[in-house]
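*Asks:* In terms of numbering that gives the first Met the number 0, the sequence shown opens at residue 0 and continues consecutively. Positions of the beta carbon are idealized from the N, C-alpha and C atoms, including for glycine.
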Amino acid sequence: MTASPTLYFDLTTPRSNLYPVTEVIYNLIQILGADVCSFRRNPQTSYRLVELARDLHDEINNLIEKVEESGDWEDYIKYTEAIDPLEQVLLDIVAVIHEEQEEYLVTGSSVQECTASIAKWVNNRKSIRDCFQRLQSESELKVLIPSAKDSNDEILNAYAHDDRGLLHSLLRGIEANLPLIKRQKIQSSLKSVRDGLESVLDLREGGSKRSIDEGLNTLSIKCGMITYGVTQLMLGESVIPSLRDHLHTEGVWKVAKELVEHTYDCLKSGGSTLAQLEAAYKVFESVLLKETPVELPKSYFRLVKMIGKIDRAYYAQSLLLLSLCREAASHFEEKKTLDVSDALEKQGVRWDYHSSRNGGQNGTQNGGPMSESEFSATEGVENDPIKLFEQSVDDLQVCFEAIGIDNMSDLRTRLDEAQRKDNDRMQLIKEKLRAAPTAIRELVNVTVKVHDGSRDGHKIAELTCNVPPHARVGYVKWNVVKQLPNPTMIETSHFEKALVDDSQPAAEVPVDTDIKSLATDNKCTLYMVIGAKGGANGTH
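1. Quick check: what's the CA-CA separation for Gln87 versus Gly195?
2. If you follow the beta strand (DSSP E) that Ala505 is part of, which residue opens it and which one closes it?
3. Is it buried or exposed, Ser370, if we count other Cβ atoms within 10 angstroms and call 16 or more buried?
4. My assumption, with CB atoms under 8 Å, is that Ile220 sits in contact with Leu276. Please give the rounded CB distance.
5. Nearest to Ala118 by alpha carbon, out of Asn485, Val35, Glu495 and Met224?
6. With Glu495 as the anchor, note down where its beta strand (DSSP E) starts and where it stops.
7. Give the range of the alpha helix (DSSP H) segment to which Cys222 is assigned.
8. Identify whether His247 lies in helix, strand or coil by the three-state DSSP scheme.
9. Output the boundary residues of the beta strand (DSSP E) element that contains Thr272.
10. Going residue by residue through the segment 451 to 495, where are the continuous beta strand (DSSP E) segments of at least 3 residues, counting only ones entirely within it?
11. Just how far apart, CA to CA, sit Lys208 and Asn406?
12. Please determine if the segment 77 to 86 and the segment 135 to 145 are in contact, where contact requires at least 3 C-beta pairs separated by less than 8 Å.
13. Alpha carbon to alpha carbon, how far is Ser150 from Val449? Give it in angstroms, no decimals.
14. Taking DSSP's pairing of strands, which residues face Val443 in a bridge?
15. Please classify Met407: does DSSP put it in a helix, a strand, or coil?
16. Pair every Cβ in the segment 105 to 120 with every Cβ in the segment 55 to 65, then say whether three or more of these pairs are closer than 8 Å.
17. Compute the distance between the beta-carbons of Glu490 and Arg454, then report whether it is under 7 Å.
18. Rounded to whole angstroms, what is the Cα-Cα separation between Ser317 and Ile385?
19. For Leu266, which residues of its own chain have a beta-carbon under 8 Å away from its beta-carbon, when the five flanking residues on both sides are left out?
20. Taking one C-beta from the segment 424 to 435 and one from the segment 400 to 415 each time, how about it: are there three or more such pairs within less than 8 Å?
21. Checking the sheet assignment: what are the DSSP bridge partners for Ile529?
22. Our contact map puts Ser188 next to Lys256 with C-beta atoms below 8 Å; I'd like the distance itself, whole angstroms only.
23. Under three-state DSSP, which class holds Cys113?
24. For the alpha helix (DSSP H) holding Glu174, just list the boundary residues, first then last.
25. Pop quiz: Pro173 and Trp252 are said to be a contact at Cβ under 8 Å. What is the actual Cβ separation, rounded to whole angstroms?
26. By how many angstroms is the C-alpha of Ser285 removed from the C-alpha of Ser375?
27. Leaving out the 5 sequence neighbours to the left and right, which residues in its chain are closer than 7 Å to Gln418 when beta-carbon positions are compared?
28. Counting Cβ pairs closer than 8 Å, one from the segment 92 to 103 and one from the segment 32 to 42, do we hit at least three?
29. If I follow the unbroken alpha helix (DSSP H) through Glu67, where does it start and stop?
30. By a C-beta neighbour count over all protein chains shown, 10 Å radius and 16 as the cutoff for buried, is Arg124 buried or exposed?
31. Less than 8 Å between C-beta atoms, sequence neighbours within five positions excluded: which residues of the same chain meet that for Leu134?
32. Rounded to the nearest angstrom, what separates Leu525 and Val472 at their Cα positions?
33. Report the option in Thr519, Met527 and Pro504 whose CA atom is closest to the CA atom of Pro486.
34. Examine chain D for any beta-carbon lying closer than 7 Å to the beta-carbon of Ala279, and answer yes or no.
35. Between the C-alpha atoms of Pro292 and Gln43, what's the straight-line distance to the nearest angstrom?
36. Just to confirm before moving on: does the CB-CB distance between Val480 and Leu462 stay below 7 Å?
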């Protein structure tokens, strides 16, 4: 692909005088700029990375020129402290950028090579984004351009543009391969998977501005990559016949369709089932490798839902337990042993059982009865939370030893630290609450009638709020302002108390007046007059 000269020179041409001390930075920018011009994936982020590096390089050179003219030590410190960090970021990314210029979709003549190609995309994409973030966040560089021209929204849009562009390209590749698949049933299954991926892309391109969990975002693209990679293997002449035959079986595409459907459901629900999607992706990989998938236990996926049901006094301990379970699960596919599965099964069932016992559900799981295998797993479960945590940690210790994880030998020590953290937090809470005022038992219902010019003028709004008896009128005003269509209208306003006899003269109410002095039977009506003269004695 031919690089665009206009883009290249726009990205790399300095807008400052050059100096020998920044020559390495200048040369690195030239190298990076030449490479990113030919990018077919991650382009928007990479363009911005090179552009920001060039701007930082220019700012350093400008400071050098200023120091030559003024001898200013502050400017001297700024540019000398910035040279090494900027140079280091560019050195860290130059090899990745050079490698990435040759990459596009998925390459390889085996499943292992395809998954390695996908992993390279994941790693290179992360490296590019991390270095881009370093250029914006490292303190020595941030001071050079305090107000970055790319807002956070613009940066996120660039990330999303790169990801959607890659998914578009993958779909085009699948579409091109589709008619080349000769077996009609498999072609039909592939078409269903292609349609599912298009639905995923449509969901990503919709008008919704909600952010997507980064893990879910990456996995959704990996689903497209691995699907495209499989179609390439199905048609590749250098692929061994047995693998091609295997990839043309209905079982492979049944799992592929389930994976894509799960991906769409995860995106639509906001990523609440990311763990299940990760497991489904691993299952598909294992099917491609002709391995019988050993699934993570269903009870493991319930663990993350249990944290909100754990008493605050055991919060740090429950977080530790969940992190240890996730660590064990991360080795599950690699080790493929039942030790991890059994350990995670115990934790999920154990905590479900403990929660149901304390919640009065008498041994039910999420509102339904336990299965026979789940019920048997509750034998010997401690009802004392402290002993339950100790029992769980000991089981996980055995699990880590069985799968050969050597850096997990101090779990009891970590549990003790978590227990101390929980105890210290609860002691602090008790001390703070002991000194806090008692809870407010009654509130005053305040009605505010907003009028223009005078209490008899045009009625703009009538608003209500409930406040404590000791609240001031100023607090009521703050509540009212938030509900008005034009908050600036209250700049020339004051409050008046509602009078039983309208013939009485209106009296302004200072904002430091407490509500209880104006209320009757916990009710109070006030007029807020907009635009009238007044406001003496702190009524504004």
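*Replies:* The structure says:
1. Position 88 of the sequence shown, counted from the start, is the residue given in the question as residue 87. Position 196 of the sequence shown, counted from the start, is the residue given in the question as residue 195. Their Cα atoms are separated by approximately 43 Å.
2. In the sequence shown, counting from the first residue as 1, residue 505 sits at position 506. Counted as a single uninterrupted DSSP element, the stretch harbouring Ala505 is not any beta strand (DSSP E), since DSSP gives it neither H nor E.
3. The residue labelled residue 370 in the question sits at position 371 within the sequence shown. Since pLDDT at Ser370 reaches only 40, below the 50 mark, its modelled position is unreliable, and the value read off the structure follows with that caveat. Per the 10 Å Cβ criterion, exposed.
4. The residue labelled residue 220 in the question sits at position 221 within the sequence shown. The residue labelled residue 276 in the question sits at position 277 within the sequence shown. Not confirmed; about 12 Å, so no contact.
5. In the sequence shown, the residue the question calls residue 118 occupies position 119. Of the listed residues, the one whose Cα sits closest to Ala118 is Met224.
6. If you number the sequence shown from 1, residue 495 lands on position 496. Run containing Glu495: Ser492 to Lys496, per the beta strand (DSSP E) assignment.
7. As a first step, residue 222 must be located in the sequence shown, where it is residue number 223. The continuous alpha helix (DSSP H) containing Cys222 extends over residues Glu213 to Leu234.
8. Numbered from 1 along the sequence shown, position 248 holds the residue referred to as residue 247. DSSP places His247 in coil when its eight states are reduced to three.
9. Residue numbering aside, residue 272 sits at position 273 when the sequence shown is read from its first letter. Segment: none, Thr272 is in no beta strand (DSSP E) and carries neither H nor E.
10. Inside the segment 451 to 495, DSSP marks whole beta strand (DSSP E) runs of 3 or more residues at positions 458 to 466, from first to last along the chain.
11. Counting from 1 along the sequence shown, the entry for residue 208 is found at position 209. Counting from 1 along the sequence shown, the entry for residue 406 is found at position 407. The predicted position of Lys208 is uncertain, since its pLDDT is 46 and thus under 50; no value can be drawn from it.
12. Yes: at least three Cβ pairs fall under 8 Å.
13. Looking up residue 449 in the sequence shown gives position 450. Looking up residue 150 in the sequence shown gives position 151. Approximately 39 Å, taken between the alpha carbons.
14. If you number the sequence shown from 1, residue 443 lands on position 444. Paired residue(s): Val466.
15. Here residue 407 corresponds to residue number 408 of the sequence shown, with the count starting at 1. In the displayed model, Met407 falls within coil according to three-state DSSP, outside both helix and strand.
16. Contact between the segment 105 to 120 and the segment 55 to 65 is absent, because fewer than three Cβ pairs lie under 8 Å.
17. Indexing the sequence shown from 1 puts residue 490 at position 491. Indexing the sequence shown from 1 puts residue 454 at position 455. In this structure, Glu490 sits away from Arg454, with a CB-CB distance that is not shorter than 7 Å.
18. As a working note, residue 317 is residue 318 in the sequence shown. As a working note, residue 385 is residue 386 in the sequence shown. Each residue's Cα considered, the two are about 11 Å apart.
19. Indexing the sequence shown from 1 puts residue 266 at position 267. The residues are Val199, Leu202, Arg203, Ile211, Leu215 and Ser219.
20. The segment 424 to 435 makes no contact with the segment 400 to 415; the number of CB pairs closer than 8 Å stays below 3.
21. Translated into positions along the sequence shown, residue 529 becomes position 530. Paired residue(s): Asp451 and Ser492.
22. Here residue 188 refers to the residue found at position 189 when the sequence shown is read from its first residue. Here residue 256 refers to the residue found at position 257 when the sequence shown is read from its first residue. Correct: roughly 7 Å between the Cβ atoms.
23. Mapped onto the sequence shown, residue 113 falls at position 114. In the structure shown, Cys113 sits in a helix (DSSP, three-state: H, G or I).
24. Against the sequence shown, residue 174 aligns to sequence position 175. Looking at the DSSP string, the run of the alpha helix (DSSP H) that includes Glu174 is Asn151 to Asn176.
25. Stepping through the sequence shown from its first residue, residue 173 is reached at position 174. Stepping through the sequence shown from its first residue, residue 252 is reached at position 253. In the sequence as displayed, the identity of residue 173 is Ile instead of Pro. Between Ile173 and Trp252, the beta carbon gap of about 12 Å keeps them out of contact (Cβ cut-off 8 Å).
26. Here residue 375 corresponds to residue number 376 of the sequence shown, with the count starting at 1. Here residue 285 corresponds to residue number 286 of the sequence shown, with the count starting at 1. Residue placement at Ser375 is poorly supported in this model, since its pLDDT is 38, which falls under 50; the coordinates still yield a value, given next. C-alpha separation (whole angstroms): 30 Å.
27. Here residue 418 is taken as the residue at index 419 of the sequence shown, counted from 1. Cβ neighbours of Gln418 beyond the five flanking positions: Gln316.
28. The way I'd put it, the segment 92 to 103 does touch the segment 32 to 42; three or more beta-carbon pairs between them come closer than 8 Å.
29. Here residue 67 corresponds to residue number 68 of the sequence shown, with the count starting at 1. Where Glu67 is concerned, the enclosing alpha helix (DSSP H) stretches over Pro42 to Ser69.
30. The residue you call residue 124 lines up with position 125 of the sequence shown. By the 10 Å Cβ count, Arg124 comes out buried.
31. On the sequence shown, residue 134 is found 135 positions in, with the first residue counted as 1. Beyond the five residues adjoining it in sequence on each side, Leu134 comes within less than 8 Å, by CB distance, of Leu48, Leu51, Ala52, Leu55, Leu85, Val88 and Leu140 in the same chain, given in chain order.
32. In the sequence shown, residue 525 corresponds to position 526, counting from 1. In the sequence shown, residue 472 corresponds to position 473, counting from 1. Answer to the nearest angstrom: the Cα atoms are 9 Å apart.
33. The residue given as residue 486 occupies position 487 in the sequence shown. Ranked by Cα distance from Pro486, the options Thr519, Met527 and Pro504 are led by Met527.
34. The chain inventory of the structure shown lacks chain D, comprising one protein chain alone.
35. Residue 292 sits at position 293 when you count from the first residue of the sequence shown. Residue 43 sits at position 44 when you count from the first residue of the sequence shown. Confidence at Pro292 is low in this model, with a pLDDT of 46, below 50, so its placement is unreliable and the value that follows should be read with caution. Distance between the alpha carbons of Pro292 and Gln43 is about 38 Å.
36. In the sequence shown, residue 480 corresponds to position 481, counting from 1. In the sequence shown, residue 462 corresponds to position 463, counting from 1. Between Val480 and Leu462, the gap from beta carbon to beta carbon reaches 7 Å or more.
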